[in-house]
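Working notes, beginning with the structure itself.
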Amino acid sequence: DPRGRNARGRGAALGGGRWQPYADPGAARREAQDLARAMTLKAALAGLPQGGGKAVVIGDPQARTREQLLAFGRFVETLRGAYITAADMGTGEEQMAVIREATAHVVGFPEALGGCGSPAPHTALGVFLAIESALEHIGLRLRGASVVIQGAGQVGSRLAVRLVEAGAEVAVAEPDTRSLARLRSEVPAVREVAPADALATPCDVFAPCGPPGVIRSAELACRIVCGAANNPLAERAVATAHARRGLLYVPDFIANGGGVVYLWEAHARAAQPDAPADFSKLSSERLRVIPGNLRQILEVAEAEGILPLEVAERRALESV
């Protein structure tokens, strides 16, 4: 809708702008659609007055030019507020700052320019709260629990720090040796797991914090899957196979909603001249909706004998 609202009157679609070198344009389109759906479910469950969206650009982020970023910004501007872009895989605060030169419909640019910066700390906090709630559901505590994190990027590394501080035993699988070294220097207690062994490493929680579709088999060595990655299941049938083995899959659009909550708070307050400059605390308080939603969804799933994923989707779609 050119007025910035979707067909049912919810707010503008908010979601990241992903920049990756897809070999197949069709795959890029499908990923954009799948991610936009996940963002819609995420916003609905978080109780945000907005829709969900996603932009996917086919290209190598390492070879990207300033003009290409501006061209993307001009495209976003043509949507007249129906879509608000933000950082995602292949983009960050600096790229949002350039895109902002071509459109006002962008959030997550550097604080030095009046933006809110990266949403990664809030995404990590939301996943942390979801992991804690999921462990409690199966009778475990966070202290002493073993967690394997796949991906030590902005979210995965922050999640690792929080978990170690809470007393969890954390191992990280990360192919980028520099990212892993930075994390190990900050948190020496973190163990390293070879990326190829991440899914098969015995643990209480497997936390995917990277690209989608990484879980292609039910043969995981964990009790819970709960992470920051969008659409980590390669196919829906994997969730059913997990459940048959007694493995709890926490729907990604519940666990990783912290970032979109933070970005929505930032965007909403940017339009209010008298809004408080620091809304980070407000965003953190709002993230309590994540463990609250998860507890309710798990209770309903057990009572009805269906997957938590089905309950979460049903609840989200009822409010869209």
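Start counting the sequence shown at 1475; every next residue gets the next number (this note's numbering).
We put the CB at the ideal spot given by N, CA and C, even for glycine.
For LEU1522, no alpha helix (DSSP H) encloses it, and the DSSP letter there is neither H nor E. For VAL1622 and THR1552, the gap between their C-alpha atoms comes out near 42 Å. Between the region 1651-1666 and the region 1601-1609, the count of C-beta pairs closer than 8 Å stays below three; the two stretches do not touch. Sorting LEU1587, GLY1600 and ALA1681 by C-alpha distance to the C-alpha of GLU1759 places GLY1600 at the top.
The alpha helix (DSSP H) runs of length 4 or more contained entirely in the region 1685-1728 are, from start to end of the chain, 1711-1718.
Secondary structure of ARG1652 (DSSP, three-state): helix. For VAL1531, DSSP records a beta bridge to TRP1493. In the DSSP assignment, PRO1682 falls outside any alpha helix (DSSP H) and within the unbroken beta strand (DSSP E) covering 1679-1682. In the same chain as ALA1520, and ignoring 5 residues on each side of it, the C-beta atoms closer than 7 Å to its own belong to GLY1731, VAL1734, VAL1735 and VAL1763, in chain order. Remark: fewer than three beta-carbon pairs, one from each stretch, lie closer than 8 Å, so the region 1584-1595 and the region 1682-1699 are not flagged as touching. Pairing ALA1713 with SER1691, the inter-Cα distance amounts to about 10 Å. When rounded, the separation of the alpha-carbon atoms in PRO1782 and PRO1523 is 24 Å.
Under DSSP, the beta-bridge partners assigned to THR1559 are GLY1489 and VAL1580.
Assigned with DSSP and collapsed to three states, ILE1623 falls in strand. Taking 9 Å as the cut-off, the Cβ atoms of HIS1716 and VAL1581 do not count as close. In summary, ILE1612 is exposed, with fewer than 16 beta-carbon neighbours lying within 10 Å of its beta-carbon over all protein chains present. GLY1491 is positioned such that its CB atom lies closer than 9 Å to that of VAL1550.
Inter-segment contact for the region 1717-1727 and the region 1560-1569 is absent: fewer than three beta-carbon pairs are separated by less than 8 Å.
Per DSSP, reduced to three states, the secondary structure at VAL1644 is strand.
Where PRO1595 is concerned, the enclosing alpha helix (DSSP H) starts and stops at 1594-1611. Across the structure, GLY1555 and GLY1766 are spaced so that their CA atoms are roughly 31 Å apart. Excluding its 5 nearest sequence neighbours in each direction, PHE1727 has C-beta neighbours in its own chain below 6 Å: ALA1512, LEU1515 and LYS1516, listed in chain order.
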